[in-house]
Each structure stands twice: as structure tokens, then as C-alpha cells.
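Residue numbers (the working numbering), protein chains in the order written: chain D, 13 to 127; chain W, 13 to 127.
Structural data, given as C-alpha cells:
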């Protein structure tokens, strides 16, 4: 059994095109022995956002702290603690910090595509 | 894009043998359109615990609030907010509320086995 604190994993900058002020911690990975799902913790600075993009796997989001918006076309979905978001495969989306504090959320993906 | 609050899903009692004082909310399911991973939120009352058991898929835990212990044989791993636990396939485990407040955590599993 693996036990750690999320903050035991150093946060690294997300360097993808379209990402601004985003850090990631991969807190459970395939290398840890998880055959199917990867757990990541993201931190977005105020004004920052993830890339507006699409891919053929799901994003499963759980908001831990902060305030933001999940965007899809003209849609704006509020993000705050306890918010759950599912972007199904091939749905365009991004996540934006619209508040004054860091926006922290978990994002689970299948391990075959860890983006 | 699906957006909800975790508390929009009613909590139901876990009726499995060996479970005591445990409620579950399935907050992202296959029926929502997630092809791979299922996100559940558990609440364990003080003194309660999940079954001590094993299965051939992983449990990925993220503790939201409360205090507890993950047990495996003689091992005792503390659970508190921000704790991450991975029980790999076929590892025995259970989760126990050793505190005075509810113990709340997320538990992600691959959808083929939603236990």
C-alpha cells in the first residue's frame, strides 16, 4: 500500500501550448502500480488557465479549493470546492482561475493518456 | 460537459459485509459517459470502517476531511486531508475513521469493478 501526502510530490510547470500559470503534481501514476487510472493535482494561479483543447479520453475533475470556470464553447460552468466536472472524450474544454486565490483540483485520467 | 456538486448525489448506505457506518456517493459513473474511471465519495462515521478485503483492481484514495487509518495486516497508515493512498490490485486493505468527525475521501476505481 502506497501512502503519501499530495504535497510530497513537487509541483512542476505545465509547458503545453495554451497553458498559463498551471502547475501539476502526478500523485498516483502507473509507475506507482496503478494499472488503470492516474490521479493528478493541478494548481492554477489567478488569471491562469489550462489549454482549450480536446482529446479522446475523459477528464474527471474534483475541485479542492479556489474559484474558477470550466469553459466549453460559450458555456461557463462554475468551479468551487466540491464541484465535479466530467469532460467526456472529444469534448472541448479548459479550466480557468477567475478568483483571487489559487484554484486547486484533482483531475483523473486513464493512464494510457496522461495529458 | 457534466457539472455537478458532489452533494447533488444522495449518499446511500454501503451494505457490504464488513462495512460499518459507511455511505457512498457515485459522483462520476460510466452512465455519465466516463468510459474508464469511476469517482466515488465515501463518508465514514466515527468508529466506522470499510470491509477488510481484497480485489483485483486498484483503489485510489484522496482524503478530503477527517482523520483515519488505512490498514493492511499490521500496517497502519494515517489518513488526513491531502493524504493519497493507492491499494494496488490484490492488496488487502480497509479504511477506518479513528477521529471524532466524519472521514470523507474520494476513491477512484476502474469502471469494470465498481466496488
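For every residue, glycine included, the Cβ atom is placed at its ideal position computed from N, Cα and C. Here the structure is a predicted model, which is why all the values come from computation and not from measurement.
Using a 10 Å radius around the Cβ and a threshold of 16 neighbouring Cβ atoms, would you call residue i buried or exposed?
i, result
"residue 28 of chain W", "exposed"
"residue 92 of chain D", "exposed"
"residue 82 of chain D", "buried"
"residue 113 of chain W", "exposed"
"residue 66 of chain D", "exposed"
"residue 108 of chain W", "buried"
"residue 126 of chain W", "Low per-residue confidence applies at residue 126 of chain W: pLDDT is 46, beneath 50, and the placement is therefore not dependable enough to give any value."
"residue 88 of chain W", "exposed"
Can you check whether the CB of residue j is closer than 9 Å to the CB of residue i?
i, j, result
"residue 14 of chain W", "residue 54 of chain W", "no"
"residue 18 of chain W", "residue 100 of chain D", "no"
"residue 64 of chain W", "residue 32 of chain W", "no"
"residue 118 of chain W", "residue 51 of chain W", "yes"
"residue 70 of chain D", "residue 23 of chain W", "no"
"residue 48 of chain D", "residue 123 of chain D", "yes"
"residue 30 of chain W", "residue 106 of chain W", "yes"
"residue 72 of chain W", "residue 40 of chain D", "yes"
Which residue wins for smallest C-alpha separation from residue i, given the options the options?
i, options, result
"residue 56 of chain D", "D/46, D/22, D/79 and D/16", "D/79"
"residue 34 of chain W", "W/41, W/59 and W/40", "W/59"
"residue 120 of chain W", "W/25, W/20, W/16 and W/37", "W/37"
"residue 75 of chain D", "D/61, D/85, D/96 and D/84", "D/96"
Is there a Cβ from chain D that is less than 9 Å from the Cβ of residue i?
i, result
"residue 122 of chain W", "yes"
"residue 96 of chain W", "yes"
"residue 36 of chain W", "no"
"residue 115 of chain W", "no"
"residue 48 of chain W", "yes"
Mind checking if residue i is an interface residue toward chain W, Cβ cutoff 9 Å exclusive?
i, result
"residue 56 of chain D", "no"
"residue 67 of chain D", "no"
"residue 64 of chain D", "no"
"residue 61 of chain D", "no"
"residue 39 of chain D", "yes"
"residue 79 of chain D", "no"
"residue 127 of chain D", "For residue 127 of chain D, the predicted structure reports a pLDDT of 45, less than 50, and the residue's modelled location is therefore unreliable. A value from the coordinates is still provided. It does not; no Cβ of chain W falls within 9 Å."
Which residues of chain D have a Cβ atom closer than 9 Å to the Cβ of residue i, listed in chain order?
i, result
"residue 17 of chain W", "92, 94, 95 and 96"
Any Cβ of chain B within less than 9 Å of the Cβ of residue i?
i, result
"residue 69 of chain D", "No chain B appears in this structure, whose protein chains are D and W."
Run through chain W and tell me which residues come within less than 8 Å of residue i, C-beta to C-beta.
i, result
"residue 118 of chain D", "74 and 118"
"residue 82 of chain D", "13 and 15"
Taking Cβ-Cβ distances shorter than 7 Å, what residues in chain W pair up with residue i?
i, result
"residue 45 of chain D", "98 and 100"
Quick one: which chain D residues come within Cβ less than 7 Å of residue i?
i, result
"residue 23 of chain W", "The premise fails here: residue 23 of chain W is roughly 13 Å from chain D at the closest Cβ pair, so nothing lies under 7 Å."
"residue 103 of chain W", "13"
What does residue i touch in chain D if you count any residue whose Cβ is under 8 Å from its own?
i, result
"residue 51 of chain W", "72, 74, 96 and 120"
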